[in-house]
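Read the structure below first, then the notes.
In the numbering used here, the protein residues as written are 967 to 1447.
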């Protein structure tokens, strides 16, 4: 059985290749069609001492029958849904033999998993409620969204988190001082919701705040860290986004407050992924690891625009966020944590960017190993947006286990060249930052006779790399193996 090789990228051949060269958009095939393709790298890393519900990402038509060999003691496997559940309490390396079959074909591979003490080695993928109207944040909406993510192949592609950013809690605590879920929005409680998502092979994220109340006047966790962490653990919450609204803009205070929550979450025995959302004002990249953060935001909330011209809370476009994140990415290397430039804008109802700019964002976020979290409503998001979000080569680059930093080259022609070493091969991204079309080039790697053009889903020769035409704010990603 071959080793899983999602990072080696799909290769269309024959007549399909001819079609793709003529019509590159055809590569955006539905994630729910055709024979199975298991979307796993050869090696992954799981945090130690955490309960895991992991749905194997894949493309292909449903239903799919799964089989697994070498399942460790204490782990279970759902052969209908392809879900692995279990927990490892020591550093160890597993090798799973995984196979998937449907009416169109089959795929199989060996997947190696290293259990590590690190908490944030793979960028989170999922959906955030940020763009939902306040009145829509409730149990039924979340479950409807989960079902839509399942049916459109988003969960199978790896988008398995649902993160409720606010309005899940009340403004007062119960008689024991415990944080309370809003009984009107979540009549069955948060644990029920977490159980429902886990049953679907998904994970639940909640936001809290490093102050007594958040910006909406709802309960935060300041000086209630221990009891809230225990409550989140009892509910089965998998991800905590910890905001810094209504808190002192002083670095040492932020470190103390985030440190208190980080320690409390670790003490539960079931620590969720801990996401520090301080917006980069107090340099969380310099202290995030010490507070047990799995990721930290590097900039303000992203706005649906390419470039703001100036940077502020309401002026932070795709390019602004990318440049800030790239500047501090070295602090998250070696697998210690993830540097987070904020949401993917793909599928935005306001259409503040061009299609080229949304494509460029997906490629840049993948190159930076950024979290792939989108906020467009999965129930109504377009097929084109789903195709971009689930693009297997871009997800492969994002989830690649290499922690090498990007080497950036700024060119006189207005293009930026990003180079990142992968576990197998090298990814090279060229971005046109100018306002006019441009023609640029990439020097072929001396050890590679050709490169895989991710956008066109085709091999290109060294001569093709000498003339790369880019529209304003467009990007092209190439893989040299």
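Each residue gets a CB set at the ideal place from its N, CA and C atoms; glycine is no exception.
Values in this document were obtained by computation on a predicted structure and should not be read as measured data.
Could you tell me which residues DSSP puts in a beta bridge with residue i?
i: residue 1063; result: 1035, 1076
i: residue 1115; result: DSSP, once it has assigned bridges, lists no residue as partnering residue 1115.
i: residue 1325; result: In DSSP, residue 1325 forms no bridge with anything.
i: residue 1190; result: In the DSSP output, where bridge partners are listed per residue, residue 1190 has none listed.
i: residue 1207; result: 1173, 1241
i: residue 1418; result: 1425, 1445
i: residue 1147; result: 1135
i: residue 1338; result: 1091
i: residue 1393; result: 1386, 1445
i: residue 1404; result: 1436
i: residue 1013; result: 1082
i: residue 1369; result: The partner list for residue 1369 (beta bridge, DSSP) is empty, contrary to what the question assumes.
i: residue 1305; result: 1262
i: residue 1127; result: 1092, 1169
i: residue 1285; result: Partner(s): none; residue 1285 has no beta bridge.
i: residue 1058; result: 1081
CB-CB under 6 Å to residue i, same chain, minus the five flanking residues each way: which ones, in chain order?
i: residue 1420; result: 1359, 1443
i: residue 1416; result: 1425, 1427
i: residue 995; result: Its pLDDT being 42, under 50, residue 995 is placed unreliably in this model, and the coordinates cannot settle the point.
i: residue 1051; result: 1019, 1042
i: residue 1017; result: 1053, 1236
i: residue 1383; result: 1375, 1396
i: residue 1037; result: 1043
i: residue 1248; result: 1217, 1220
i: residue 1106; result: none
i: residue 1015; result: 1055
i: residue 1100; result: 1133
i: residue 1114; result: 1344, 1345
Considering only their Cβ atoms, is the gap separating residue j from residue i smaller than 7 Å?
i: residue 1283; j: residue 1269; result: yes
i: residue 1403; j: residue 1429; result: no
i: residue 1393; j: residue 1364; result: no
i: residue 1410; j: residue 1387; result: no
i: residue 1146; j: residue 1201; result: no
i: residue 1208; j: residue 1174; result: yes
i: residue 1024; j: residue 1002; result: yes
i: residue 1089; j: residue 1336; result: yes
i: residue 1081; j: residue 1057; result: yes
i: residue 1135; j: residue 1185; result: yes
Does the beta-carbon of residue i have 16 or more other beta-carbons within 10 angstroms, so that it is buried, or is it exposed?
i: residue 1140; result: exposed
i: residue 1373; result: exposed
i: residue 1189; result: exposed
i: residue 1317; result: exposed
i: residue 1401; result: exposed
i: residue 1395; result: buried
i: residue 1431; result: buried
i: residue 1182; result: exposed
i: residue 1385; result: buried
i: residue 1045; result: exposed
i: residue 1059; result: exposed
i: residue 1315; result: exposed
i: residue 967; result: exposed
i: residue 1150; result: exposed
i: residue 1222; result: exposed
i: residue 1104; result: buried
i: residue 1244; result: buried
i: residue 1433; result: exposed
i: residue 1111; result: buried
i: residue 1180; result: buried
i: residue 1117; result: exposed
Please go through the same chain and pick out, in chain order, the residues whose beta-carbon is closer than 7 Å to the beta-carbon of residue i, but skip the five residues on each side of it.
i: residue 1313; result: 1340, 1342, 1347, 1348, 1351
i: residue 1440; result: 1322, 1326, 1398
i: residue 1274; result: 1281, 1282, 1283, 1286
i: residue 1126; result: 1021, 1091, 1092, 1167, 1168, 1169
i: residue 1193; result: 1143, 1144
i: residue 1226; result: 1191
i: residue 1196; result: 1234
i: residue 1379; result: 1404, 1406
i: residue 969; result: 1008, 1075, 1076
i: residue 1253; result: 1221
i: residue 1356; result: 997, 1119, 1120, 1123
i: residue 1153; result: 1105
i: residue 1160; result: 1170, 1201, 1202, 1203
Please confirm if residue i has its CB atom under 7 Å from at least one CB of chain C.
i: residue 1272; result: Checking the listed chains, one finds no chain C in this structure; it contains a single protein chain.
Here's a check: name, in chain order, each residue in its chain whose Cβ is nearer than 8 Å to the Cβ of residue i, leaving out the five neighbours to either side.
i: residue 1232; result: 1258
i: residue 988; result: In this prediction, residue 988 scores a pLDDT of 32, lower than 50, which makes its location untrustworthy; the coordinate-derived value is nonetheless stated afterwards. Closer than 8 Å at the Cβ level, and outside the excluded window around residue 988, lies no residue.
i: residue 1000; result: 1025, 1026, 1027, 1070, 1071
- prompt: Taking contact to mean at least 3 C-beta pairs separated by less than 8 Å, is the stretch 1284 to 1292 in contact with the stretch 1304 to 1315?
  reply: yes
- request: Examine the Cβ distances between the stretch 1114 to 1133 and the stretch 1164 to 1176 and report whether three or more of them are shorter than 8 Å.
  value: yes
field: Cβ contact (3+ pairs, closer than 8 Å) linking the stretch 1024 to 1038 and the stretch 1065 to 1074
entry: yes
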